[in-house]
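**Q** Positions 106 to 273 (our numbering) are the ones given, in order, by the first sequence. Glycine is no exception: its CB is placed at the ideal position from the N, C-alpha and C atoms. Below is a structure I'd like to ask you about.
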Amino acid sequence: MKPNSRSRGVTRQETKEALKPVEDRKVGKRKVAPKAEKRQTKKEKKAKKDPNKPKRPPSAFFVFLEEFRKTFKKENPNIKAVSAVGKAGGEKWKSLTDAEKAPYEAKAAKRKVEYGKLMDAYNKKQDSSADEGDEGSEKSASEIHDDEESVQEAEDEETGDDEDEDDD
DNA sequence: TTTATGATTGTTATA
DNA sequence: TATAACAATCATAAA
Numbered sequence: 106m107k108p109n110s111r112s113r114g115v116t117r118q119e120t121k122e123a124l125k126p127v128e129d130r131k132v133g134k135r136k137v138a139p140k141a142e143k144r145q146t147k148k149e150k151k152a153k154k155d156p157n158k159p160k161r162p163p164s165a166f167f168v169f170l171e172e173f174r175k176t177f178k179k180e181n182p183n184i185k186a187v188s189a190v191g192k193a194g195g196e197k198w199k200s201l202t203d204a205e206k207a208p209y210e211a212k213a214a215k216r217k218v219e220y221g222k223l224m225d226a227y228n229k230k231q232d233s234s235a236d237e238g239d240e241g242s243e244k245s246a247s248e249i250h251d252d253e254e255s256v257q258e259a260e261d262e263e264t265g266d267d268e269d270e271d272d273d
């Protein structure tokens, strides 16, 4: 369609409005003013050498989506469109209460913590390979390895303390 | 063949 | 402070 288009920026806006009128989401403000030439199209981070750059942690909504996708696909094996899951997931997400979203937010919070650690390691790596480039990152990999292990240990968490609120 | 797109919301980051 | 971009997914389409 629009290979040169700013990715799904403007395109999405048009499509969304065309398909269905945006209710009141913050849509339409995503890329209305492309002052900054976005990083990349989305994949291929060739812009910079970030072989280990930690991706942003999934939001509570995304954590919920991961599970929702399975359910959705299970009930709708015929539907394979990502947009379908997105819409359904978004609608369902809003249907959930804080209590139900709590576990997802908790998970997202963990991801965020891990992200912070990964960023720390990533920063070190960038510092080490500041002038080298792509190869220099390997040497400092050992240091980061230490941090990575720490991240994994962060898996020990107790959920289900006492969240049984349901104020409808 | 390969990459982008579509759709959702949230979160991070930058200006 | 506010806006912009990006996080997963997967089939399809275009270059």
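Roughly how many whole angstroms lie between the Cα atoms of residue 210 and residue 224?
**A** For the purposes of this step, residue 210 is taken as the residue at position 105 of the first sequence. For the purposes of this step, residue 224 is taken as the residue at position 119 of the first sequence. One C-alpha to the other measures close to 20 Å.
**Q** Here's the rule I'm using: 16 or more other beta-carbon atoms within 10 Å means buried, otherwise exposed. How should residue 168 be labelled?
**A** The sequence position of residue 168 within the first sequence is 63, counting from 1. Burial call: buried.
**Q** For residue 214, which of 158, 163 and 159 has the nearest alpha-carbon?
**A** As a working mapping, residue 214 is identified with position 109 in the first sequence. Looking at the Cα atoms, 163 is the closest of the given residues.
**Q** Less than 7 Å between C-beta atoms, sequence neighbours within five positions excluded: which residues of the same chain meet that for residue 197?
**A** Mapped onto the first sequence, residue 197 falls at position 92. Contacts found: 173.
**Q** Would you tell me roughly how many angstroms separate the C-alpha atoms of residue 176 and residue 182, rounded to the nearest one?
**A** Sequence index remark: in the first sequence, residue 176 carries index 71 (1-based). Sequence index remark: in the first sequence, residue 182 carries index 77 (1-based). Rounded to whole angstroms, residue 176 to residue 182 spans 10 Å at the Cα level.
**Q** Do residue 227 and residue 160 count as a contact pair if the criterion is CB distance below 7 Å?
**A** Locating residue 160 in the first sequence gives position 55, where the first residue counts as 1. Locating residue 227 in the first sequence gives position 122, where the first residue counts as 1. Contact flag unset, no.
**Q** Using a 10 Å radius around the Cβ and a threshold of 16 neighbouring Cβ atoms, would you call residue 221 buried or exposed?
**A** Here residue 221 refers to the residue found at position 116 when the first sequence is read from its first residue. Flag for residue 221 reads exposed.
**Q** What number of angstroms, rounded off, separates the C-alpha of residue 200 from the C-alpha of residue 194?
**A** Along the first sequence, read from residue 1 onward, the residue named residue 200 stands at position 95. Along the first sequence, read from residue 1 onward, the residue named residue 194 stands at position 89. Using only the alpha carbons, I get a separation of about 10 Å.
**Q** Taking all protein chains shown into account, decide if residue 212 is buried (16 or more other Cβ within 10 angstroms of its Cβ) or exposed.
**A** As a first step, residue 212 is located in the first sequence; it is residue number 107 there, counting from the start. Buried.
**Q** Have a look at residue 218 and residue 202 and give me their C-alpha separation to the nearest angstrom.
**A** Translated into positions along the first sequence, residue 218 becomes position 113. Translated into positions along the first sequence, residue 202 becomes position 97. Going by the C-alpha atoms only, they are around 24 Å apart.
**Q** Given this structure, state the Cα-to-Cα distance separating residue 186 from residue 216, to the nearest angstrom.
**A** On the first sequence, position 81 is the one that residue 186 refers to. On the first sequence, position 111 is the one that residue 216 refers to. Roughly 27 Å separates the two Cα atoms.
**Q** Measuring only the C-alpha atoms, how far is residue 129 from residue 192?
**A** The residue labelled residue 129 in the question sits at position 24 within the first sequence. The residue labelled residue 192 in the question sits at position 87 within the first sequence. Legend: pLDDT at residue 129 = 39, less than 50; position of this residue unreliable, value from coordinates given subsequently. Those two C-alpha atoms are separated by around 15 Å.
**Q** Return helix, strand or coil for residue 164, following the three-state DSSP convention.
**A** Your numbering for residue 164 matches position 59 in the first sequence. Three-state result, residue 164: coil.
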